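Each residue of the sequence shown is one higher than the one before, starting from 10 at the first, in the working numbering.
These notes concern the structure reproduced below.
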Amino acid sequence: DRLSCTLPMVEDRARIALMARDVRPHPSEPHALIITATLANQAPFAQSYPVVEITLSNVNEQRIAMRRFRPEEYVADLATLARGLPAEATATLSLE
């Protein structure tokens, strides 16, 4: 604070876990999905929200689609984004 420096958040991506996920057809958009997921920060410190990669595979486990979502695409509130994912907390996200 005295030097007016802003340090990046400490990151340990191995301590962010996917706790739950759900993929459903979109109720109003044909050929679209809604994906919900719960992330858990298992670290004792807040971390910046990660890039979330969604990969869809067919029954033969061949990738048919993939997209990466930047945090600003799934965290709408700028203050929440700036604070990061709190220590030992979960966050639920919804992707369309």
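From the three backbone atoms N, C-alpha and C, an ideal C-beta is built for every residue, glycine too.
Predicted model only: the values in this text are computed from it and were never measured.
{"Asked": "One or two residues paired with phenylalanine 78 in a DSSP bridge", "Found": "Val61"}
{"Asked": "Bridge partner(s) assigned by DSSP for proline 39", "Found": "For proline 39, which the question treats as bridged, DSSP gives no partner whatsoever."}
{"Asked": "Segment contact, 8 angstroms Cβ cut-off, at least three pairs: the segment 51 to 64 with the segment 86 to 99", "Found": "yes"}
{"Asked": "7 angstroms Cβ cutoff met for leucine 42 and valine 32", "Found": "yes"}
{"Asked": "Leucine 102 in three-state terms, based on DSSP", "Found": "strand"}
{"Asked": "For glutamate 20 and threonine 45, the rounded distance between their alpha carbons", "Found": "23 angstroms"}
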